[in-house]
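K.L.:
Residue 1 is where the sequence shown starts when you use full-length UniProt numbering, and the numbers rise one by one after that.
Yeah, the Cβ is synthetic: ideal placement off N, Cα and C, and Gly gets one too.
Before I ask anything, here is the structure I am working with.
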Amino acid sequence: MSKQLQPNVLLFAALFKERGVLATLVVGQVIATILAFAPATADAIWIRLGAISLFLHLTFLFSLTWLYLLRKRLQRLNQTPQLCALMASLLLTTALFSLLFTEFTNDYIALQNPYEFLLKNLLMVFLVAALFIQFLIIHYEKEQQTNALARAELDALQARIRPHFLYNSLNTAAELTHYDPLAAEQAILALAALSQAAMKVGKSTLLEDEINLTKQYIALETWRFSERLQVNWHIPQQLPALKIPCLTLQPLIENAVCHGVEPSVTGAVINIELLLSTQSLTILVSNPIFEGVNKRPGNGMALENIRQRLDIYYQGKGKLVVTTRNDTFRVKLVLPRHVLDLKGFP
Numbered sequence: 001m002s003k004q005l006q007p008n009v010l011l012f013a014a015l016f017k018e019r020g021v022l023a024t025l026v027v028g029q030v031i032a033t034i035l036a037f038a039p040a041t042a043d044a045i046w047i048r049l050g051a052i053s054l055f056l057h058l059t060f061l062f063s064l065t066w067l068y069l070l071r072k073r074l075q076r077l078n079q080t081p082q083l084c085a086l087m088a089s090l091l092l093t094t095a096l097f098s099l100l101f102t103e104f105t106n107d108y109i110a111l112q113n114p115y116e117f118l119l120k121n122l123l124m125v126f127l128v129a130a131l132f133i134q135f136l137i138i139h140y141e142k143e144q145q146t147n148a149l150a151r152a153e154l155d156a157l158q159a160r161i162r163p164h165f166l167y168n169s170l171n172t173a174a175e176l177t178h179y180d181p182l183a184a185e186q187a188i189l190a191l192a193a194l195s196q197a198a199m200k201v202g203k204s205t206l207l208e209d210e211i212n213l214t215k216q217y218i219a220l221e222t223w224r225f226s227e228r229l230q231v232n233w234h235i236p237q238q239l240p241a242l243k244i245p246c247l248t249l250q251p252l253i254e255n256a257v258c259h260g261v262e263p264s265v266t267g268a269v270i271n272i273e274l275l276l277s278t279q280s281l282t283i284l285v286s287n288p289i290f291e292g293v294n295k296r297p298g299n300g301m302a303l304e305n306i307r308q309r310l311d312i313y314y315q316g317k318g319k320l321v322v323t324t325r326n327d328t329f330r331v332k333l334v335l336p337r338h339v340l341d342l343k344g345f346p
C-alpha cells in the first residue's frame, strides 16, 4: 500500500450498494464467459457457461453477504485486517462451493480430480481477489484525494461567507450602549455566535441550532430596521435531530433582508417555512421585491455560494430553486434526509 489508510473506514463499503452488487455480478459473468469459451473447452460450452456463472455468482454473493453481516466489526479495524477478511471470505466461499460442485455436477460436467479442481479455483480466485484489492486501494486513495479537494473548496467557499451586516451591527451595538446596555450586550453576543458559526468550516449543525442562529441574526437586524423588518415563521413544533450544513438557513434570510427589506422605505415581511417528509427537508423563504428601488449589488452571490456548498455536501442531491412571481422573490431549498448524515463532514 502506498499510503497509510485511515482506521474506522470500511474500505469496501461501496460493494454493498446497488452499483457495487451489480458490478460484482457483471465481473463474475465476464470471468465465467471467458472461462466457458476458452479454446481448450469446446465441449458443452453453454452448460459450462451456466455452471461457471452459477458458481461465481454464488461465491461472490455469499462472500458479500458475510462481509455485510460483519461490516460493523470490520469498520472498527484498520484496512489491512479488512482486506484480509475480504480475501479469506472469498477463499473460504470458493472452497465450499468447489466441494459442493464436485459433488452435484459430475453428472453434467466432467470435472478433473476434486482436489485439483479445488486448488485451481482457489488459485484463480486468489489472483482475481489480489487484483481487485489493488484496484480497491487505488479507488480508496482517489476518493480520499477527492474528499480533500472538496474540503479545500468548502474552505474557500466558507471563507467567502462574510456577514454583510458586520459593520452595521457594530454601529448598532455602539449606539445601544448609550441607552440600552442590555440590548447592546445581547447584540454583541448574537454577533459573536454568528462569527463562531462562520468559522465552522466544512461542518454540519443540528437543524434546531441553525434555526436558533438565524433567530439571533434576525434579532440583530431588528435593532437596525425596527418595525420595517417582519418575519413570519412556519415550522413544526417538534424538530427532528437532523444535521444540515452550517450556515444554510441564515444566509437565505440575510439575502432576503439585504434585497427585500433594506431597499424598501416601508419595510417588508419575510416568510420562512419548513416542511418535513420521510424523504426530504424543504426550506421555503420568500420576500417582496420592489420595482424601481435601488438594490444592493451582489444579488445572487450568497445564493450561488450556498448552491455550490450544497453540491459538495450532497453530491448534487440537494436542490436550490429561485423563482420570482408577482413581486415576490422565493427560494426553495430541498435537502434529502437519507444523506443528512454526511460522510466526511462531522
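Give the single residue among 266, 276 and 82 whose Cα lies nearest to the Cα of residue 234.
P.N.:
One-based indexing of the sequence shown puts residue 234 at position 234. Ranking 266, 276 and 82 by Cα distance to residue 234 puts 276 first.
K.L.:
Use the C-beta contact count for residue 207: other C-beta atoms within 10 angstroms, 16 or more gives buried, fewer gives exposed.
P.N.:
Residue 207 sits at position 207 when you count from the first residue of the sequence shown. Result: buried.
K.L.:
According to DSSP, is residue 277 helix, strand or coil?
P.N.:
To locate residue 277, count along the sequence shown from 1; it is residue 277. Note: residue 277 maps to coil in three-state DSSP.
K.L.:
Within this structure, are the beta carbons of residue 214 and residue 188 separated by less than 9 Å?
P.N.:
As a position in the sequence shown, residue 214 is number 214, starting the count at 1. As a position in the sequence shown, residue 188 is number 188, starting the count at 1. Not a contact, by the Cβ cut-off of 9 Å.
K.L.:
Would a C-beta distance cut-off of 9 Å place residue 216 and residue 174 closer than the cut-off?
P.N.:
Translated into positions along the sequence shown, residue 216 becomes position 216. Translated into positions along the sequence shown, residue 174 becomes position 174. Contact flag unset, no.
K.L.:
What did DSSP end up calling residue 80 once you bin it into helix, strand or coil?
P.N.:
Residue mapping note: residue 80 aligns to position 80 of the sequence shown, counting from 1. DSSP places residue 80 in helix when its eight states are reduced to three.
K.L.:
Thinking residue 249 and residue 211 are a contact (beta carbons under 8 Å), I'd like their distance in whole angstroms, please.
P.N.:
Taking the sequence shown and counting its residues from 1, the one referred to as residue 249 is at position 249. Taking the sequence shown and counting its residues from 1, the one referred to as residue 211 is at position 211. About 7 Å; that satisfies the 8 Å criterion.
K.L.:
Below 7 Å CB to CB, which residues in the same chain sit around residue 58 once its five sequence neighbours on both sides are set aside?
P.N.:
Reading the sequence shown from its first residue, position 58 is the one you call residue 58. So the qualifying residues of the chain are 97.
K.L.:
Quick one: what's got a C-beta closer than 8 Å to residue 327's C-beta in the same chain, skipping five residues either side?
P.N.:
Mapped onto the sequence shown, residue 327 falls at position 327. 288, 289, 290 and 291, listed in sequence order.
K.L.:
Quick check on DSSP: helix, strand or coil for residue 248?
P.N.:
If you number the sequence shown from 1, residue 248 lands on position 248. Here residue 248 sits in coil by DSSP.
K.L.:
Report the rounded CA-to-CA distance for residue 134 versus residue 333, giving the unit in angstroms.
P.N.:
The residue labelled residue 134 in the question sits at position 134 within the sequence shown. The residue labelled residue 333 in the question sits at position 333 within the sequence shown. For residue 134 and residue 333, the distance between alpha carbons rounds to 41 Å.
K.L.:
Quick one, are the C-beta atoms of residue 330 and residue 265 less than 9 Å apart?
P.N.:
The residue labelled residue 330 in the question sits at position 330 within the sequence shown. The residue labelled residue 265 in the question sits at position 265 within the sequence shown. Their beta carbons are not under 9 Å apart, which means residue 330 does not touch residue 265 by this criterion.
K.L.:
With H, G and I counted as helix, E and B as strand and the rest as coil, what does DSSP make of residue 230?
P.N.:
Taking the first residue of the sequence shown as 1, we reach residue 230 at position 230. In the structure shown, residue 230 sits in a strand (DSSP, three-state: E or B).
K.L.:
Pick from 274, 267 and 137: whose alpha carbon is nearest that of residue 237?
P.N.:
Residue 237 sits at position 237 when you count from the first residue of the sequence shown. Of 274, 267 and 137, the residue nearest in Cα terms is 274.
K.L.:
Taking its Cβ as the centre, do 16 or more other Cβ atoms sit within 10 Å of residue 46, making it buried, or is it exposed?
P.N.:
Against the sequence shown, residue 46 aligns to sequence position 46. By the Cβ neighbour-count rule, residue 46 is exposed, with fewer than 16 other Cβ atoms within 10 Å of its own.
K.L.:
Would you call residue 76 buried or exposed, if buried means 16 or more other Cβ atoms sit within 10 Å of its Cβ?
P.N.:
In the sequence shown, counting from the first residue as 1, residue 76 sits at position 76. With fewer than 16 Cβ atoms within 10 Å of its Cβ, residue 76 is classed as exposed.
K.L.:
What residue from 130, 117, 262 and 247 has the CA that sits closest to residue 222's CA?
P.N.:
Start at 1 with the first residue of the sequence shown, and residue 222 comes out as number 222. Comparing Cα-Cα distances from residue 222 to each of 130, 117, 262 and 247, the minimum goes to 262.
K.L.:
Can you tell me the Cα-Cα spacing of residue 195 and residue 87, whole angstroms?
P.N.:
As a working mapping, residue 195 is identified with position 195 in the sequence shown. As a working mapping, residue 87 is identified with position 87 in the sequence shown. Computed Cα separation, rounded: 50 Å.
K.L.:
Where does residue 235 fall in DSSP's three states?
P.N.:
Here residue 235 is taken as the residue at index 235 of the sequence shown, counted from 1. Assigned with DSSP and collapsed to three states, residue 235 falls in coil, not helix or strand.
K.L.:
Among residues of its own chain, excluding the 5 on either side of residue 197, which ones have a beta-carbon nearer than 7 Å to its beta-carbon?
P.N.:
Translated into the one-based positions of the sequence shown, residue 197 becomes position 197. Contacts found: 213, 246 and 247.
K.L.:
Just to confirm, does residue 309 get its C-beta within under 8 Å of one of the non-hydrogen atoms of the ligand SAH?
P.N.:
The ligand SAH is absent from the structure shown, which contains no ligand whatsoever.
K.L.:
Using DSSP bridges, identify the partner residues of residue 286.
P.N.:
Here residue 286 is taken as the residue at index 286 of the sequence shown, counted from 1. For residue 286, the beta-bridge partners assigned by DSSP are 271 and 330.
K.L.:
How far does the alpha helix (DSSP H) with residue 73 in it reach, from first residue to last?
P.N.:
Translated into positions along the sequence shown, residue 73 becomes position 73. Residue range 71-75 is occupied by the alpha helix (DSSP H) that includes residue 73.
K.L.:
Among residues of its own chain, excluding the 5 on either side of residue 315, which ones have a beta-carbon nearer than 7 Å to its beta-carbon?
P.N.:
As a first step, residue 315 must be located in the sequence shown, where it is residue number 315. Excluding sequence neighbours, residue 315 sits near nothing in its chain.
K.L.:
What would DSSP say about residue 336, mapped onto helix, strand or coil?
P.N.:
Numbered from its first residue, the sequence shown carries residue 336 at position 336. Residue 336: strand per DSSP, three-state reduction.
K.L.:
Would you decide whether residue 310 is buried or exposed? Buried here means 16 or more other CB atoms lie within 10 Å of its CB.
P.N.:
Mapped onto the sequence shown, residue 310 falls at position 310. Flag for residue 310 reads buried.
K.L.:
With respect to the alpha helix (DSSP H) encompassing residue 27, which residues constitute its N-terminal and C-terminal limits?
P.N.:
Within the sequence shown, residue 27 is the residue found at index 27, counting from 1. 18-36 is the extent of the alpha helix (DSSP H) around residue 27.
K.L.:
Within a Cβ cutoff of 7 Å, which residues of the same chain sit near residue 239, ignoring the five residues on either side of it in sequence?
P.N.:
Here residue 239 corresponds to residue number 239 of the sequence shown, with the count starting at 1. Cβ within range, chain order: 207 and 208.
K.L.:
Quick one: any contact between the segment 21-34 and the segment 50-66, if contact means 3 or more CB pairs under 8 Å?
P.N.:
yes
K.L.:
Label residue 348 either buried or exposed according to how many other C-beta atoms from any shown protein chain fall within 10 Å of its C-beta, with 16 as the threshold for buried.
P.N.:
Not covered by the structure: residue 348. The range shown for the chain is 1 to 346.
K.L.:
Among 193, 313, 242 and 21, which residue has its Cα nearest to the Cα of residue 62?
P.N.:
As a first step, residue 62 must be located in the sequence shown, where it is residue number 62. Minimum Cα distance to residue 62 is reached at 21.
K.L.:
Are residue 229 and residue 169 closer than 9 Å when you measure CB to CB?
P.N.:
Start at 1 with the first residue of the sequence shown, and residue 229 comes out as number 229. Start at 1 with the first residue of the sequence shown, and residue 169 comes out as number 169. No, the Cβ-Cβ distance between residue 229 and residue 169 is not below 9 Å.
K.L.:
Quick check on DSSP: helix, strand or coil for residue 13?
P.N.:
By 1-based counting over the sequence shown, the position of residue 13 is 13. Judged by DSSP in its simplified three-state form, residue 13 adopts helix.
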